[in-house]
Structures are given as structure tokens and as C-alpha cells.
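Okay, structure first, notes after.
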Amino acid sequence: MARGSRRYQLLPIGLVVVLSLAAMPGPAFAQERQTLADLDTLSPVHDWPWWRGPLRNGVAGPQQPPVEFGPQQAVKWRSKVPGRGHSSPIVVGKQVFLATADEGQQVQSILAFDRSTGRQLWQKEISRGGFPEKNHPKNTEASSTLACDGERLFATFFHHKTVELVALTLDGNIAWRKTAGAYNPRKYEYGYAPSPLLYRDTVIVTAEYDGDSFIAAFQRDSGDEVWRIKRPNNITFSSPVVATVSGKDQMFISGAEKVVSYDPATGRQLWSVDGTTFATCGTMIWDGDIVIASGGYPKAETIAIRADGSGTVVWRNNQKCYEQSMIVVNGYIYALTDNGILFCWRSADGKQMWRTRLKGPVSASPVLAGNAIYWANELGTLYVFRPNPEKFELLAENQIGDSSFASPAIVDGQIFLRVAEGTDAQRQEWLYLFQR
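In the working numbering, the protein residues as written are 2 to 437.
Dropping the structure here:
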């Protein structure tokens with residue numbers, strides 16, 4: 002394949018990405034069996050193409066981004082982001098992409114920035130009008146993170162009482178658009194959040210509310226529907242994830258007091274286990290043949306389940322990561338809970354190794370880059386700490402802006418971070434690039 006095409010070949014997960022994984026420290030190298038994409042000439046070291054990165058688990062690989070950084074330190078560039086959104090940046094080739102929304106004008110758009118300079122390259126309006134009457138104060142009208150297969154961008158937006166799936170070329174032209182399904186929450190008018198998921202030649206969309214909830218798969222090339230399954234009529238916000246666990250590709254999602262596995266090729270349910278809570282927002286994680294979910298509302302629970310269809314609950318506790326996801330490193334789970342307590346649990350049995358108080362609330366998800374975990378709270382404080390099950394090792398505490406809901410993209414030793422400064426009429430969002 003020519004270098005210029007940059008197309009992702011989303012083949013069966015068992016195809017291992019060779020690239021630099023062999024050079025990763027133990028925890029990341031162990032993730033090679035979880036890899037979804039044969040990235041051809043495109044290495045996950047150079048691109049961050051979808052929610053939670055190339056391996057879908059927040060692992061960025063062996064690189065050396067800065068540990069200490071801020072508005073006046075280790076900044077290569079910063080660019081104004083028009084509108085408001087919690088969509089995390091994705092990085093593909095020479096461009097950085099975001100979704101955003103002008104809530105006053107009720108316009109939803111996709112933005113592209115030059116990766117080297119931060120210059121805004123284009124802004125494509127996707128929808129105008131039809132915003133819901135209400136939304137949760139912590140949500141936005143552009144909270145879903147984009148996904149890219151190297152040729153097209155895929156975005157989901159909630160407007161006009163529907164979830165719309167849109168495919169764009171990398172220069173901002175609409176390739177196709179599709180109403181994925183109706184979406185009109187009435188009991189809990191908290192908006193929409195799940196990110197699109199790429200698997201093989203499909204893009205998978207989730208929408209769960211007090212109506213006809215669904216997960217559906219569409220052809221990436223055409224938008225034609227491939228399969229659709231009904232989900233419980235229950236408002237929840239988790240993005241599904243696909244990984245090879247227990248010898249097969251499985252799509253995992255939590256919510257509606259269940260943890261469920263589906264065949265991502267057909268939508269057929271593989272197994273279901275009672276667990277978590279009524280509503281969850283974080284994306285599930287996995288370690289070996291164990292999958293872990295956390296939430297949420299109205300109670301708190303983190304649960305680990307053996308993903309072989311046996312229904313075995315390996316362990317559970319009463320802690321919660323509601324909006325944020327967790328991360329696994331070398332057989333240990335790091336969980337920064339809603340109120341800012343950082344836990345380290347052994348994934349095999351849930352044993353608490355240590356806990357320490359940081360500061361919440363927390364909405365962003367973590368990234369492992371090199372031998373450090375990067376994790377921000379909602380107040381704009383980004384903690385950098387070493388993944389060490391023996392003790393908490395804080396490396397840096399960086400303050401960037403006044404609020405931080407989007408998760409960082411860390412690639413090629415560069416940290417791409419969306420934050421906001423100011424409040425109300427003075428509020429301005431920024432996209433930063435930090436590097437050594």
C-alpha cells in the first residue's frame with residue numbers, strides 16, 4: 002500500500018501490530034493481543050485515531066512526552082477552539098481533529114488543525130438547530146470523540162431528536178450522512194456522549210435512553226446498515242469497546258445494571274452478567290481474560306468479570322469511576338474516582354495496593370505514555386504519576402486552564418490537550434500541543 006493512502010486496515014484483532022510494541026515496557030507489550038488494527042505503514046506511535054488511542058485502552062507506547070508543562074512551559078503551540086465541547090482530540094497524519102458546538106447558534110461542527118503549527122485548517126458545519134431543550138451541565142452538544150480510518154472521519158451528533166452519523170473526507174467534505182436512530186431522552190435530559198467505534202469495515206454507534214435504545218453497525222464506505230440490536234430503555238452514556246479476550250473478538254459495554262459482551266461482527270450477544278449500576282459513562286478495560294467495568298448512578302460499583310462466558314465475577318468493590326475510564330498497567334488497575342481518590346488494585350483479585358487523595362471531580366480518562374500515567378481532573382489539574390503498585394509516585398502536577406473534560410492524545414512524544422479558560426461569557430476553549 003502506498004504511504005500516502007494512510008488507510009487503516011481494520012482486520013481481525015489477532016493480527017498483532019509489530020511496530021514498536023516490542024520495545025514497550027511490560028504492561029504495554031502485554032497488550033499486543035488486544036490490538037484491533039493492522040495499521041500497515043501507519044504506526045500507533047504516530048497517530049491517535051480514535052477514543053482511547055490505537056489500542057483502545059489509553060496506552061500510548063514507548064515515548065517521552067514532557068512531564069512538567071503548562072501555559073508557559075513546554076508549549077509548542079496553542080490555538081483557539083471556537084464553541085464548546087468535550088470531544089477529545091484525535092491525531093492522524095499532519096492533522097488534529099475535534100468536534101465542537103456553538104450552543105448559542107445551535108451549530109455543530111468538526112474542526113481540523115495543522116499538527117505542526119496549530120493553524121486551523123478548516124471548520125465543517127454538520128448540523129444547525131434542533132438542540133435539546135436541556136442537557137446535563139457537565140455535558141455538551143459535542144462530547145463524542147471522532148474516529149478516523151485513515152481516509153474518513155466519523156462523527157456522531159445528537160440533534161433534532163436523532164443521533165446522526167456523518168462520514169467526512171480528511172479535507173472536510175461530507176462523504177455520507179445517516180440517521181443512526183431516534184434519540185429523545187425525557188426522564189433524564191442529559192444529552193448524548195458515546196463515541197463511534199470502528200471494527201473491520203464497519204462503524205458502530207450506540208444510543209441508550211428511555212426509548213428505543215440501540216447499538217447499530219454501518220458500512221464505513223457507504224453508511225449502509227449492517228446490523229442493529231435493541232438495548233434496554235435506560236439512559237446511560239458508555240462507549241463500547243472491542244478487544245480480543247478469551248480467544249475471540251468481543252464488544253463490551255456496561256450500563257442498565259449489566260455488563261454485556263457482543264460479537265462485533267454480527268451484534269449477537271455472547272454473554273451478560275449482572276453488575277455495575279443503572280448508568281455508566283466510562284469505557285470498559287481488560288487484562289488477560291478479565292474485563293473490568295465501573296459506575297455510576299445511583300450507586301457505586303467496580304466489577305471484574307471473567308470474559309469466557311462462565312458468568313464468573315472475579316471481584317467487586319464499592320468504588321466508582323462514573324464518567325472517566327480506568328487503565329491497566331502490568332496487571333494493576335489505576336482508578337481515579339469521581340471525588341479524586343486514586344486507587345491501585347491488583348486486577349487478578351481486586352486487592353487494594355494503595356490509595357491516595359488527589360482532587361476531584363474527574364471526567365477525563367488516563368493515558369499511559371512511556372512509564373508515566375497522565376490524568377486530569379475537571380479543574381484543569383493534570384497529574385503525572387508513575388504506575389507503581391508498591392507506592393504512589395507523583396511526578397508532576399500541572400495546571401492548564403480552568404477546566405478540563407477532554408482526555409489527552411499523546412503521540413510521538415507530543416501531548417494534545419483541549420481545555421477551557423474563564424467562565425460564562427469569558428469562557429474560551431484552547432487546544433494545546435506540549436512537547437519537550
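Quick reminder that beta carbons are idealized off the backbone N, C-alpha and C, glycines included.
{"Check": "Quick check for students: name the residue ranges of the beta strand (DSSP E) that lie wholly in the region 111–169, counting only runs of 3 or more.", "Outcome": "121–129 and 153–160"}
{"Check": "Using a Cβ-Cβ cutoff of less than 6 Å, which residues in the same chain neighbour L343 once the five nearest sequence positions on both sides are dropped?", "Outcome": "L337, T357 and L359"}
{"Check": "Expressed to the nearest angstrom, what Euclidean distance is found between the alpha-carbon atoms of W254 and V412?", "Outcome": "Sequence inspection shows Ile at residue 254; the Trp mentioned does not correspond to that position. The alpha-carbon atoms of I254 and V412 are separated by roughly 26 Å."}
{"Check": "Three-state secondary structure (DSSP) at Q65?", "Outcome": "coil"}
{"Check": "Taking one C-beta from the region 89–98 and one from the region 273–286 each time, how about it: are there three or more such pairs within less than 8 Å?", "Outcome": "no"}
{"Check": "Tell me, which residues are paired with K249 by DSSP?", "Outcome": "V246"}
{"Check": "Looking at the structure shown, is Q427 part of a helix, part of a strand, or coil, going by DSSP?", "Outcome": "helix"}
{"Check": "What are the boundary residues of the beta strand (DSSP E) that includes C322?", "Outcome": "Counting along the chain, C322 falls outside any beta strand (DSSP E), and DSSP gives it neither H nor E."}
{"Check": "With burial defined as no fewer than 16 other Cβ atoms inside 10 Å of the residue's Cβ, what is the status of W346: buried or exposed?", "Outcome": "buried"}
{"Check": "Closest to E379 by CA distance: which of S408, A148, N318 and M252 is it?", "Outcome": "S408"}
{"Check": "Helix, strand or coil for L434, going by three-state DSSP, please let me know.", "Outcome": "strand"}
{"Check": "State the Cα-Cα distance for the pair V82 and V314, rounded to the nearest angstrom.", "Outcome": "44 Å"}
{"Check": "Please confirm whether V329 and I293 have their CB atoms less than 9 Å apart.", "Outcome": "yes"}
{"Check": "Would you list the one or two residues that DSSP bridges to N399?", "Outcome": "L383"}
{"Check": "Measure the beta-carbon distance from A218 to G268 and round it to whole angstroms, keeping in mind my assumption that it falls under 8 Å.", "Outcome": "7 Å"}
{"Check": "In whole angstroms, what separates the C-alpha of T207 from that of F393?", "Outcome": "36 Å"}
{"Check": "Report buried or exposed for Q96, applying the criterion of at least 16 other Cβ atoms within 10 angstroms of its Cβ.", "Outcome": "buried"}
{"Check": "Report yes if the CB atom of Q121 is closer than 9 Å to the CB atom of A113, and no otherwise.", "Outcome": "yes"}
{"Check": "Please report the straight-line C-alpha distance between I184 and Y298, rounded to a whole angstrom.", "Outcome": "For the record, residue 184 in the displayed sequence is Tyr; it is not Ile. Roughly 21 Å between the two C-alpha positions."}
{"Check": "How is V368 classed by DSSP in three states: helix, strand or coil?", "Outcome": "strand"}
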